[in-house]
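Colleague: Residue numbers (the working numbering): 834 to 982.
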Amino acid sequence: MAALDVVDRYVNALVETGGEARRLGQGEWGVTVRSEATGEWPLDLGIRLVDGMLRAQAHALRASDALNPWNFLHWNRQTRLVRFACTRDGDIWVHGDLPAPAVDEPSLDRLLGLIAEAALAARELERGSAALGAAPEADTRPAGAWPAI
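(1) Give every residue of the same chain whose Cβ lies closer than 7 Å to the Cβ of Leu-881, excluding the five residues on either side of it in the sequence, and list them in chain order.
(2) When the Cα of Gly-1021 is compared with those of Val-844, Glu-869, Thr-920 and Gly-929, which residue comes out closest?
(3) Could you tell me the distance, in whole angstroms, from the CA atom of Glu-938 to the CA atom of Leu-931?
(4) Counting only the same chain and skipping the five closest in sequence on each side, list residues whose C-beta sits under 8 Å from that of Gln-890.
(5) Pick out whichever of Asn-904, Ala-836, Gly-858 and Arg-867 has its Cα sitting closest to the Cα of Gly-851.
(6) Checking the sheet assignment: what are the DSSP bridge partners for Phe-905?
(7) Roughly how many angstroms separate the alpha carbons of His-892 and Ala-955, rounded to a whole number?
(8) Starting from Glu-849, trace the alpha helix (DSSP H) both ways and give me its first and last residue.
(9) From Phe-905, Ala-933 and Ala-951, pick the residue whose C-alpha is nearest to that of Asp-884; which is it?
Okay, here's the thing in structure tokens:
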């Protein structure tokens, strides 16, 4: 089955089961994880199929002085399929890609799940940093190992 059809079927199944998902245009979709499941605000995932690649991304965090964005580079060394990015303004995004021929329902579900998991881990780190009143220069890593993402 073509990647376009796989994503269409996946998004339609989410809608049928009460999820928030929509087709935005040819080869573009949006999925929203409600705030009840994510904490303070919903998590919006964008999915786009272009040039033989399926790309998914989510805005994880607004820029914050409580976080050291360099820590996310360290997390990137431990992630699979997904990675963190930081905008010039300091916002944190999570994104991942799959080659279109490799897209099937399990791989799509895994990719979106890993993006959501990474974004929620970043939000949890921010909540912990804010509670501690961490300064921008402070080491904001949690005690022990970095969360597995």
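The C-beta atom is built at its ideal place from N, Cα and C for all residues, glycine as well.
Modeller: Quick look at the numbers:
(1) The sequence shown places Arg at residue 881, rather than the Leu named in the question. Only Gly-860, Glu-861 and Arg-888 meet the Cβ criterion.
(2) Residue 1021 falls outside the range modelled here, since the chain spans only 834 to 982, and no answer is possible.
(3) 12 Å
(4) Leu-878, Gly-879, Trp-926, Val-927, His-928, Gly-929 and Ile-948
(5) Arg-867
(6) DSSP output for Phe-905 lists no bridge partner at all.
(7) 10 Å
(8) 836–849
(9) Ala-933
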